[in-house]
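The numbering of the sequence shown is this note's numbering, which starts it at 115 and goes up by one.
Every residue, glycine too, gets a C-beta built ideally from N, C-alpha and C.
Read through the structure below, which is laid out as structure tokens, and then see the notes.
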Amino acid sequence: MRAPKNIAKVNYTSGEKYLDSNYNPYTGYYCEVKGKAYPGKVYTGRSKQLILASSLVKNNKVNGYYFNINDVIPEEDEEGNISTDEKFVLRYFIKYIHTIPVYIKEINIDTYNSVKNNPLYQTVVLNCDVTGAFRKGGTFNIDEVEQADKKMSGIKLYLQEETF
Numbered sequence: 115m116r117a118p119k120n121i122a123k124v125n126y127t128s129g130e131k132y133l134d135s136n137y138n139p140y141t142g143y144y145c146e147v148k149g150k151a152y153p154g155k156v157y158t159g160r161s162k163q164l165i166l167a168s169s170l171v172k173n174n175k176v177n178g179y180y181f182n183i184n185d186v187i188p189e190e191d192e193e194g195n196i197s198t199d200e201k202f203v204l205r206y207f208i209k210y211i212h213t214i215p216v217y218i219k220e221i222n223i224d225t226y227n228s229v230k231n232n233p234l235y236q237t238v239v240l241n242c243d244v245t246g247a248f249r250k251g252g253t254f255n256i257d258e259v260e261q262a263d264k265k266m267s268g269i270k271l272y273l274q275e276e277t278f
């Protein structure tokens, strides 16, 4: 069943407005019929409805978080030893997948937990060695950062100012 031309409005998107049913950015022509979008130049009633990307983001303004090493520097015992449990802290990072240029920021655990299953965000968690108080933000294991960069491209560049 084809929709009459006066009902179906044809538009084009370059991937920033709609997602397909697998949550991949949809690029191409789409028909708007009664406020809903369907892929293609002609609405036949057989296509799956496109998902409006902004409808999946409840709060597109994710609050950033500033990591302060002074809040997590482990205490030394009388002999200058640090417990291995206190040497590492988890740091959380987020990337909204539909932005150009890439926009990555650090977030806290609460924000991480609220967005980690949202298909519009990529998230990674990295161990950070905080035993050197002279370091601005601790250090990361280069192998762990390389693996994280495969999941979230750009995180390695984001962390380049921090010591690996």
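Measuring straight from C-alpha to C-alpha, what distance separates residue i and residue j?
| i | j | result |
| --- | --- | --- |
| SER161 | ASN241 | 44 Å |
| ASN173 | TYR272 | Note that ASN173 has pLDDT 44, beneath the 50 cutoff, so the model's placement of it is unreliable and the number below is only indicative. Taking the straight line from one Cα to the other gives about 23 Å. |
| SER228 | ILE165 | 21 Å |
| ILE256 | LYS219 | 19 Å |
Is the beta carbon of residue i sitting closer than 9 Å to the one on residue j?
| i | j | result |
| --- | --- | --- |
| TYR143 | LYS155 | yes |
| LEU204 | ILE221 | no |
| MET266 | THR237 | yes |
| ALA262 | PHE202 | no |
| CYS145 | ALA167 | no |
With a 10 Å radius around its C-beta and 16 neighbouring C-beta atoms as the bar for buried, classify residue i as buried or exposed.
| i | result |
| --- | --- |
| GLN274 | exposed |
| PRO233 | exposed |
| VAL124 | exposed |
If you drop the 5 nearest sequence neighbours on each side, which residues of the same chain put their C-beta closer than 8 Å to that of residue i?
| i | result |
| --- | --- |
| PRO217 | The question names Pro, yet the displayed sequence has Tyr at residue 217. These residues qualify, in order along the chain: LYS209, TYR210. |
| ASP134 | TYR140, PRO153, LYS162, LEU164, ILE165 |
Step through the CB atoms of chain C and report whether any lies within less than 9 Å of the CB of residue i.
| i | result |
| --- | --- |
| CYS145 | Given the protein chain composition of this structure (a single chain), no chain C is represented. |
Helix, strand or coil for residue i per DSSP?
| i | result |
| --- | --- |
| THR253 | strand |
Give every residue of the same chain whose Cβ lies closer than 6 Å to the Cβ of residue i, excluding the five residues on either side of it in the sequence, and list them in chain order.
| i | result |
| --- | --- |
| TYR126 | TYR143 |
| TYR137 | PRO233 |
Excluding sequence positions up to five away, which residues of its chain have a Cβ less than 7 Å from the Cβ of residue i?
| i | result |
| --- | --- |
| SER128 | THR141 |
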